[in-house]
């Protein structure tokens, strides 16, 4: 703005300098232990505004931890080496849950839930995915900043910034870390990559847990981050039409919701319940018998991102082609 109050158009040089500063800060690394500057700032925030927790007494907060340089699928090999587990991937008929009843459905809920929803959670690897995304209003620039400052570098949580990025679909892989002695899975990872950019959308660990404040069994999703993770704990609800609704809309620590956790790798742990962050996922069968999911995220009550998924079975399509040829 000039002295007389008129606006001066943004100069290309100033724009270049601003982008250079953001880029420089993005790759500014403190050291191997603390990682990059912006990661360290987030970790300090968790320590100052959160609370310490005991992983033995509050094991519902425990989850895989990420390295300070890149997340991607690097933590998977670390987990396998730590517990002498076998990595199993690209297998047919494996799902996010070994059994949908790991969520402890009541007899009435078991009768109500649509079988196609159950099949999806128990045999996720049998499905192809299409995804559409919509950043809402003034949150669009924040999506870009999240991508530039954190997601691209870490290869974690690369949410599509527009529908063109997601137009080619996603590669989806269910990875199981299995106990070699009894062949039981200890960890289940859902690893998803945008085909158009080869960026990792989600590298998340799926399990279930109990909570101190609420009865029932909850879906727990852990996204490893440098020296910690982001954990989303979701409450299930079976709707009248047989759909599954998952919500992280808790009000206080110990409820279902969004948590950051952090460790110093010396036996100390911190966590921060993020009350302002809520999300809802509804998995349903539409009027054309197609399986779909709506994923809505809100920050301080304002919706900032909508995601929509279409899930189709891989092998039923192949069998249909074979039948036509026969």
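Numbering (the numbering used here), first residue to last: 170 to 495. Every residue, glycine too, gets a C-beta built ideally from N, C-alpha and C.
- A distance below 8 Å between beta-carbons, with the five flanking residues on each side excluded, links residue 316 to the following residues of its chain, in chain order: 327, 328 and 330.
- In the DSSP secondary-structure assignment, residue 361 is bridged to 341 and 371.
- Contact annotation: the stretch 429-438 does not touch the stretch 471-479, with fewer than three C-beta pairs closer than 8 Å.
- Runs of beta strand (DSSP E) with 3 or more residues, each lying fully within the stretch 421-494, are found at 426-432, 438-442, 446-454, 460-468 and 471-482, listed in chain order.
- Burial is judged here by how many other beta carbons sit within 10 angstroms of a residue's own beta carbon; residue 214 has fewer than 16 and is exposed.
- Within a 10 Å sphere around the beta-carbon of residue 448 sit 16 or more other beta-carbons, which makes this residue buried.
- Of the other Cβ atoms in all chains shown, 16 or more fall within 10 Å of the Cβ of residue 387; this residue is therefore buried.
- Fewer than three Cβ pairs drawn from the stretch 453-464 and the stretch 256-273 lie within less than 8 Å of each other, which leaves the two stretches out of contact.
- Counted as a single uninterrupted DSSP element, the stretch harbouring residue 312 is not any beta strand (DSSP E) but the alpha helix (DSSP H) occupying residues 309-315.
- Using a Cβ-Cβ distance cut-off of 8 Å, the stretch 339-348 and the stretch 230-241 are not in contact, since fewer than three pairs of beta carbons, one from each stretch, lie closer than that value.
- For residue 278, the enclosing alpha helix (DSSP H) starts and ends at 276-281.
- Counting along the chain, residue 265 sits inside no alpha helix (DSSP H), nor does DSSP assign it H or E at all.
- The beta carbon of residue 417 sits closer than 7 Å to those of 401, 402, 403, 425, 426, 427, 447 and 448, all from its chain and outside the five residues before and after it, given in chain order.
- Sequence-distant partners of residue 286 (beyond 5 residues in either direction) whose C-beta falls short of 6 Å from its own C-beta, in its chain, are 413 and 452.
- Looking at the DSSP output, residue 256 sits in a beta bridge with 346.
- Leaving aside the five residues that flank residue 299 on each side, the residues in its chain whose CB is nearer than 6 Å to its CB run, in chain order, 338 and 479.
- Taking 9 Å as the cut-off, the Cβ atoms of residue 319 and residue 236 do not count as close.
- With 16 or more other CB atoms across the displayed protein chains lying within 10 angstroms of its CB, residue 264 is buried.
- In this model, residue 375 and residue 259 are separated by some 17 Å (Cα to Cα).
- Cβ contact annotation for residue 364 (same chain, cutoff 8 Å, sequence separation greater than five): 337, 338, 339 and 340, in chain order.
- Counted as a single uninterrupted DSSP element, the stretch harbouring residue 335 is not any beta strand (DSSP E) but the alpha helix (DSSP H) occupying residues 332-335.
- CA-CA distance, residue 437 to residue 218, rounds to 16 Å.
- Counted as a single uninterrupted DSSP element, the beta strand (DSSP E) harbouring residue 392 occupies residues 387-394.
- The residue from 305, 252, 443 and 415 with its alpha-carbon nearest to that of residue 353 is 252.
- In this chain, the beta strand (DSSP E) harbouring residue 298 covers 296-304.
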